[in-house]
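Sequential numbering from 1 applies to the sequence shown in this note's numbering. Virtual Cβ for every residue (Gly too), placed ideally from N, Cα, C.
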Amino acid sequence: MEQNEKNDRKEVKKLLVLAILAGKIMLKNGAETYRVEDTIERICKSRKNIKYVDAFVTPTGIFLSLEYNEEVMTYLQRIKTISIDLNKINLVNEFSRKFVNSSMSIDEALIELKKIDKIHTYKLLSKVCFGSMACAFFSLLFGGTFLDFISSYLVSFTVLFTLNKIDKLDLTFFLRNFVGALLASLLSFLAVKLGIGENMDKIIIGSIMSLVPGVSITNAIRDTMSGDYVSGLSRGMEAIFSALAIAFGVGILLNFYLRGVI
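The structure is reproduced here in structure tokens:
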């Protein structure tokens, strides 16, 4: 009897780790906080007759507590880096439904989640090529010429490739966006000077579109509307400071350009 209780307690701890891992994968890949909380609670309540589960998620951390046999277990997970990978969020959503509605063991679930965490959806060349193409079409959308389209593609390709390489330095999102915007502006200026492009402003607009914090803005609104005011405010501030970094990067070069320094 005592041995069974110890085994059950170990299983509950594994379940706790499983739920945290699922939430971590979702949160660090751009999921909304209410979605992460819901997934964690569903996973925990699906096993061992656990009735009390409480998850509190912010953009930088996950707090989870559950009660089993009058014992409260708590887990804290810090999230330091956040990127955007909607495919992984979808995969974890599908996994959670499969886990809740089946008799899958916790060990098997942990193995499957770790596989999802290691998935690389697209290769670097694919992301850079198609990301640059999307940016280039924005230059046309805002009235650019065909030459501006070509220039915007080349500039965006260089910016995205460079940012992917400097991501290994673990720069803050503010510095990353600042460097990206400054590089995009400088290359756009050079493109016009070399005669590859015609309108520097249209080329810059297209080139910085990959830096615009669209997901952060969307998640900030959705979290706020769902009542997660802390997460909504923090994501909103992240979006604002990302936009400021882009503005500073572009503004510095334009300031030199208008003064005739370059």
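Look at Tyr68 and Val12 and say whether their C-beta atoms are less than 7 Å apart. yes
Counterpart residues of Leu66 in DSSP-defined beta bridges: Val53, Met73
Taking only the alpha-carbon atoms, compute the straight-line gap between Leu169 and Glu70 and give it to the nearest angstrom. 46 Å
Pick from Ile208, Ser156, Ile50, Glu32 that is closest to Phe178, judged by C-alpha positions: Ile208
Would you report the Cα separation of Leu21 and Ser188, rounded to the nearest angstrom? 42 Å
Between Glu41 and Val57, is the Cβ-Cβ spacing less than 7 Å? no
The stretch 234 to 241 touching the stretch 211 to 223, judged by at least three CB pairs closer than 8 Å: yes
Among the residues of its own chain, which have a CB less than 7 Å from the CB of Ala220, if the five just before and after it don't count? Gly232, Arg235, Gly236, Ala239
If I measure Cβ to Cβ from Thr145 and keep anything under 6 Å in the same chain, skipping five residues before and after, which residues do I get? Glu198
Spatial distance of Leu15 from Met73 (CA atoms): 11 Å
Whole-angstrom C-beta distance between Lys24 and Ile84, which should lie under 8 Å: With a Cβ gap of about 15 Å, Ile84 and Lys24 do not count as contacting.
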